[in-house]
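Structure first, then comments.
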Amino acid sequence: MLPRAGLRTLLAARHRVVRGAPSPRATLHHLARRPPRRAPAPYHRVLSSKAKRDYYEVLGVPRSATAAEIKKAYRKLAKEHHPDAGGDAAKFQEASEAYEVLSDTEKRQGYDAYGHAAQDLGGGGDPFEAFRQAFGGQAGGFHFHQQGGGQEPFEDLLNEFFGGGQRRRGPRRGADLQLTLRLSFMEAARGVQEKTLEWHEVARDGRRGDRKSVDVRVPAGVDSGMQIRLSGKGGQGDPGAPSGDLFVQIEVEPDSYFERDGPDIHVALEVPFADAALGATVDVLTLDGIVQLKVPPGCQPLSKLRLRGKGLPSVDRRGRGNQIVTVHVTVPEVLSPRQKELLEEFRNEEPAEESPAQRALKRLRGFFS
């Protein structure tokens, strides 16, 4: 029989941290000494510079498309993306550029032969000129006026855009904007009282406008994919009309220690095999700092222990999730002679009852013998 004092001497071996996985206390110490992470740049342009796409792909037509098919495809995209209808100015400009080339027989032949290189020699055109051509005249900016007291020349187009057979009257509301706000895991977990978001306005012709900024209050517990709506902080409307809304899309960076699962967070905890066998009280890092966790005797590898109420707060302030601690039992790689001796004695002791795994192993040995 192994002396009880000897077993305790063996099992009380000091905890050794496996390479690459710091203990919670070491992690906290590291976080305390580490210089603050540089905040991600909150500046997000509405438009970004990208390589030109194939003009046929932009309009969604095959290379064999007829002039009528090209015009029909462009009219559909122009109505969808025109800036005066609250659309995407960049996509409107892209579609207009494609239509300007593919609707002109000579330009189309040059594009089919040499691609975008044929157009780069001549520079870009006016996107609203292509719109006027596609819709038959004076519809470049969606500003329709009476001519000589007669009927507006594009009333049918107005009906198609705004429905109801009624003319559009009054000043136009500003366009809604959507920007991305990147947050660290801890910012998302704890919330931010004031986070400045900056961007450039985009003119209706697609050109970059003035620089704007807004302070965003981020509630605790937000997650990637959530949106914060700021009423009246979007594009500027016509005189006398309200501005559009700003929709802030949340994007949360992953954390090296905490892993999110809805309102719960998961962490890995390394426990020496002595503590796992005898039970122990260990320190665990949480969103609120270091707390103590009781490891029960006989704790098995990959056991999950729960810290109630130590997870992420709900954005509607209806409580918090839990912190789930997954136990990883560590085994020392180097043993002293005395530790080896005690382990040999421990291994040679016959268990009172064979485990199912041991019985299965015996059957396998008998099968192959």
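Quick note on numbering: the UniProt record's numbering labels position 39 of the sequence shown as 39, and the sequence is numbered without any gaps. Ideal placement from N, C-alpha and C gives every residue a C-beta, glycine not left out.
Checklist entry - How is Leu230 classed by DSSP in three states: helix, strand or coil? => result Here Leu230 sits in strand by DSSP.
Next on the checklist: Tell me the rounded alpha-carbon separation between Gly110 and Gly87.
Outcome noted: Distance between the alpha carbons of Gly110 and Gly87: 30 Å.
Item to check | Local conformation of Pro337 per DSSP, three classes | outcome: Reduced to three states, the DSSP call for Pro337 is helix.
Checklist entry - When DSSP labels each residue in this structure, what does Gly209 get in the three-state scheme? => result DSSP places Gly209 in strand when its eight states are reduced to three.
Item to check | Under the three-state DSSP convention, the category Leu312 falls into | outcome: In the structure shown, Leu312 sits in coil (DSSP, three-state: anything other than H, G, I, E or B).
Next on the checklist: I need the straight-line Cα distance from Ala220 to Arg211, nearest angstrom please.
Outcome noted: Cα to Cα, Ala220 sits roughly 28 Å from Arg211.
Checklist entry - To the nearest whole angstrom, what separates the beta carbons of Pro171 and Ala89, a pair I think is in contact under 8 Å? => result The beta-carbon distance between Pro171 and Ala89, rounded to whole angstroms, is 19 Å. This is too long to meet the 8 Å contact definition.
Next on the checklist: Taking the straight line between their C-alpha atoms, what separation do you get for Arg229 and Leu102?
Outcome noted: Straight-line spacing of the CA atoms in Arg229 and Leu102 works out to 40 Å.
Checklist entry - To which residues of the same chain is Ser243 closer than 6 Å at the C-beta, ignoring the five residues directly before and after it? => result Around Ser243: Gly174, Gly232, Gly234, Gln236, Gly237.
Checklist entry - Got a sec? Which residues, its chain only, sit under 6 Å from Tyr56 by beta carbon, not counting five neighbours each side? => result In the same chain as Tyr56, and ignoring 5 residues on each side of it, the C-beta atoms closer than 6 Å to its own belong to Arg63, in chain order.
Next on the checklist: Checking 8 Å against the spacing of the C-beta atoms, do Val284 and Leu302 come in under that value?
Outcome noted: Between Val284 and Leu302, the CB-CB gap reaches or exceeds 8 Å.
Checklist entry - How is Ala268 classed by DSSP in three states: helix, strand or coil? => result Here Ala268 sits in strand by DSSP.
Checklist entry - Using the rule of at least 16 other Cβ atoms within 10 Å of the residue's Cβ for burial, across every protein chain shown, is Arg320 buried or exposed? => result Flag for Arg320 reads buried.
Checklist entry - From this set, Lys72, Pro272, Arg338, Met186, which residue's C-alpha is nearest Ser256's C-alpha? => result Comparing alpha-carbon positions, the option among Lys72, Pro272, Arg338, Met186 lying closest to Ser256 turns out to be Met186.
Checklist entry - If you draw a straight line from the C-alpha of Ala357 to the C-alpha of Lys310, how long is it? => result Each residue's Cα considered, the two are about 37 Å apart.
Item to check | Ile290, buried or exposed, once every other Cβ within 10 Å from all chains shown has been counted against 16 | outcome: An exposed status is given to Ile290, since fewer than 16 other beta-carbon atoms sit within 10 Å of its beta-carbon.
Item to check | Rounded straight-line distance, which links the Cα of Leu246 to that of Asp176 | outcome: Straight-line Cα distance between these residues: approximately 6 Å.
Checklist entry - Taking the alpha carbon of Trp199 as the point to measure from, which residue in Thr281, Leu305, Ala277, Ser213 has its own alpha carbon closest? => result Here the closest residue by C-alpha is Ser213.
Checklist entry - In or out: Lys362 buried (at least 16 other Cβ within 10 Å) or exposed? => result Of the residues assessed, Lys362 falls on the exposed side of the cut-off, its CB having fewer than 16 other CB atoms within 10 angstroms.
Item to check | Beta-carbon proximity of Asn322 to Leu307, cut-off 8 Å | outcome: It is a contact, given that the beta carbons lie within the stated cut-off.
Item to check | Exposure of Gly165, with buried meaning 16 or more beta-carbon neighbours within 10 Å | outcome: Confidence at Gly165 is low in this model, with a pLDDT of 46, below 50, so its placement is unreliable and the value that follows should be read with caution. Answer is exposed; the Cβ neighbour count stays below 16.
Next on the checklist: Which residues does DSSP list as the beta-bridge partners of Ile70?
Outcome noted: Answer by DSSP bridge pairing: none, since Ile70 is not bridged.
Checklist entry - Relative to the alpha-carbon of His328, which residue among Pro337, Cys299, Arg338 has its alpha-carbon at the smallest distance? => result A check of alpha carbon separations from His328 across Pro337, Cys299, Arg338 identifies Cys299 as the nearest.
Checklist entry - So who's on the other strand from Leu179, going by DSSP bridges? => result Answer by DSSP bridge pairing, in chain order: Val248.
Next on the checklist: Please report the distance separating the alpha-carbon of Glu69 from that of Ala188.
Outcome noted: Taking the straight line joining both Cα atoms gives about 49 Å.
Item to check | In DSSP terms, what Gly289 is bridged to | outcome: DSSP, once it has assigned bridges, lists Thr286 as partnering Gly289.
Checklist entry - How is the alpha helix (DSSP H) around Arg190 delimited, first residue to last? => result Note, Arg190: alpha helix (DSSP H), 185 to 190.
Next on the checklist: What does the alpha-carbon distance come out to for the pair Ser23 and Pro272?
Outcome noted: Model confidence at Ser23 stands at a pLDDT of 43, short of 50, so the residue's coordinates are unreliable and nothing is read from them.
Next on the checklist: Just to confirm before moving on: does the CB-CB distance between Pro296 and Gly279 stay below 8 Å?
Outcome noted: Gly279 sits close to Pro296, with the two beta carbons spaced by under 8 Å.
Next on the checklist: Using the Cβ count rule (16 or more neighbours within 10 Å means buried), how would you classify Gln93?
Outcome noted: That one is buried.
Item to check | Spatial distance of Leu364 from Asn348 (CA atoms) | outcome: Those two C-alpha atoms are separated by around 22 Å.
Checklist entry - For Asp275, which option in Pro263, Gln227, Thr330, Pro239 has the closest C-alpha, if you only look at C-alpha atoms? => result Checked all of Pro263, Gln227, Thr330, Pro239; the closest Cα to Asp275 is Thr330.
Item to check | Nearest-angstrom Cβ-Cβ length linking Gly225 and Ile250, presumed shorter than 8 Å | outcome: Contact flag correct, Cβ pair sits at about 7 Å.
Checklist entry - So Ala67 and Ala95 are in contact, right, with Cβ under 8 Å, and what is the actual spacing, rounded? => result For Ala67 against Ala95, the beta-carbon gap comes to about 16 Å, at or over 8 Å, which does not count as contact.
Checklist entry - Does DSSP put Glu349 in a helix, in a strand, or in coil? => result The answer is coil: DSSP assigns Glu349 none of H, G, I, E or B.
Checklist entry - Cα-Cα, which of Val58, Lys294, Lys76 is closest to Ala277? => result Answer by Cα proximity: Lys294.
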